[in-house]
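Worksheet for the structure shown next.
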Amino acid sequence: MRLCMRHIKEGYLRQLVQMAVCTALIFGVQVAFSPLPNIELVTLLFLLYTRWFGKQALLIVYAFVGLEILLYGAHLWAITYLYIWLLLWLVAFRFSQKPRSTIFWAIVGGGYGLLFGLFCMPVYFLTGGLQTAFAWWVAGIPFDIVHCCGNVLTILVLYRPLDNLYQKHFA
Amino acid sequence: MKQTIQKRRLWLTAGALVLLVALFLGVWWRYAEKPTVGSKSIVITVTYEDKTEQSYELKTDAEYLKEAAQAVLTLDGEDTQYGYTVYSINGVEANFNKGNAYWALYVNGEYGNYGVDSQPVTDGDTYAFVYETY
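Same order as they appear, the protein sequences are chains L and R.
Mind the numbering: the first sequence is residues 415 to 585 in our numbering, read in order.
Mind the numbering: the second sequence is residues 424 to 557 in our numbering, read in order.
Set out below in C-alpha cells:
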C-alpha cells in the first residue's frame with residue numbers, strides 16, 4: 415500500500431515537473447520568436463501538450479497566459495488570450511483521442527492561425543462596435559495568413575520529431 | 424478503403440483551408456484601407472504624458488502617416504515585425520521595451536489598426552499620437 419502511494423506520488427511529481435518545464439519552454443519560445451511576425455511555436459506546443467497531458471494541459475495554457483500578461487501587461491489582447499488558447503485546447507483534446515497524421519495537425523494549426531484574428535474579433539466588437547472590429551480584423555488578415563503558413567510549416571517539420579522525443583524519453 | 428476515404432477527406436480539408444486563405448485575401452483586397460494619391464489636408468495631434476496637446480494642420484502628398492508626420496514631428500523608433508514602432512516623438516520617449524508607456528495612434532478618435540508606416544493618409548482625417556501607459 416505504502417509502495418503504491420509512493421508510486422502515485424512519484425508519477426504525480428514527475429508529471430508536475432514535466433508540466434512546469436513545458437510551461438517554461440512554451441513561454442521562452444514565445445519570447446524568443448516574438449521578433450518574427452506571427453511565426454510561433456506556441457500552437458505546435460499546445461497541440462503536443464494536449465496530446466501528452468490531456469486535461470492537465472489546461473494548467474499549462476493558463477500558466478502561459480498569466481506569464482504573458484505579467485510580461486506584456488494587461489491589454490485587450492489579454493482578454494482574447496483567456497479563451498483563444500482554450501479553443502485550441504478544445505479542438506486538440508477532441509481530436510487527440512485517436513492517432514492522427516501530421517498533415518491533420520498541420521491543417522488544424524494552419525486553420526487556427528488563419529482564424530486567429532476572427533476569434534479575437536468579439537472582444538473588439540464589444541469594446542468598439544462592429545465597424546471597429548471588422549476594420550481591425552481586415553487590417554490583420556496578412557498577419558493571419560502568415561500565421562497560418564507558419565503554423566503549417568512548423569507543425570509539418572517539428573510535430574513528429576518532438577512527439578517521438580517525448581514518447582521515447584519522457585512518457 | 425477506409426484509409427483512402429480518410430486520406431481524401433484530409434486533402435479536401437487542406438483544399439478548403441487554401442480556399443479560405445484565398446477568400447480572406449479577397450476580403451482584405453476589397454476592404455483594407457488604401458492610400459490615396461494627391462494632396463490631402465490632415466490634422467496631427469500629439470498628447471504628452473502631462474496631457475498637454477500640440478496640434479498641426481498640414482497639407483501633404485504622403486500616402487502613409489509616417490512620411491506625413493515627419494514633416495511636422497521628430498519621430499524616433501525602429502522597424503519591428505509589425506512595421507515601424509515609434510519610441511519617441513519630439514524627444515519625448517514612450518518605449519514599452521524600457522517601461523510601461525507607449526505612443527498610441529488614434530485615427531479620427533478611434534484606436535488605429537495600422538502602424539505609423541502602414542496607416543494610409545486620407546483627406547480630412549485627424550491622427551492623434553497619445554502617450555499611454557499600461
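A virtual CB, placed ideally from N, CA and C, is assigned to each residue, including glycine.
Source: prediction; values computed, not measured.
Check, Outcome
"Contacting positions in the segment 467-498 of chain L - beta carbon closer than 8 Å to chain R", "G487, A488 and H489"
"Touching by the beta-carbon criterion (3+ pairs, under 8 Å), the segment 522-533 of chain L and the segment 558-569 of chain L", "yes"
"Whole-Å CB distance - L490/L paired with T541/L, under 8 Å assumed", "6 Å"
"Cβ of N536/R within 8 Å of any chain L Cβ", "yes"
"Chain R contact residues for A553/L, given Cβ-Cβ distances below 8 Å", "A455, E456, N536 and Y537"
"In DSSP terms, what K463/R is bridged to", "T483/R"
"Pick from R453/R, K482/R and K457/R that is closest to Y465/R, judged by C-alpha positions", "A small fix is needed here, since residue 465/R is Ile in this sequence, not Tyr. Closest option to I465/R, Cα to Cα, is K482/R."
"Any chain L beta carbon closer than 8 Å to W526/R", "no"
"Simplified DSSP state of E424/L, which is helix, strand or coil", "helix"
"Boundaries (first-last residue) of the alpha helix (DSSP H) holding T516/L", "T516 to G542"
"Expected contact under 8 Å - CB spacing of L496/R and I467/R to nearest Å", "7 Å"
"Interface residues of chain R facing A547/L [CB-CB closer than 9 Å]", "The premise fails here: A547/L is roughly 10 Å from chain R at the closest Cβ pair, so nothing lies under 9 Å."
"Below-8 Å beta-carbon distance, F447/R vs any chain L residue", "yes"
"Alpha carbon of T462/L to alpha carbon of A494/R, nearest angstrom", "According to the sequence provided, residue 462/L is Leu. The question's Thr does not apply to it. Their backbone Cα atoms lie some 51 Å apart in a straight line."
"Nearest candidate by alpha-carbon position, reference G547/R, set D484/R, D540/R, V444/R and Q426/R", "D484/R"
"Local conformation of Q542/R per DSSP, three classes", "coil"
"Partner residues on chain R for W550/L, Cβ-Cβ distance less than 9 Å", "Y534 and N536"
"Contact under 8 Å by Cβ, I483/L with F533/L", "no"
"Sequence-distant residues of its chain with Cβ nearer than 7 Å to R554/L (five each side left out)", "Sequence inspection shows Gly at residue 554/L; the Arg mentioned does not correspond to that position. Cβ neighbours of G554/L beyond the five flanking positions: G531."
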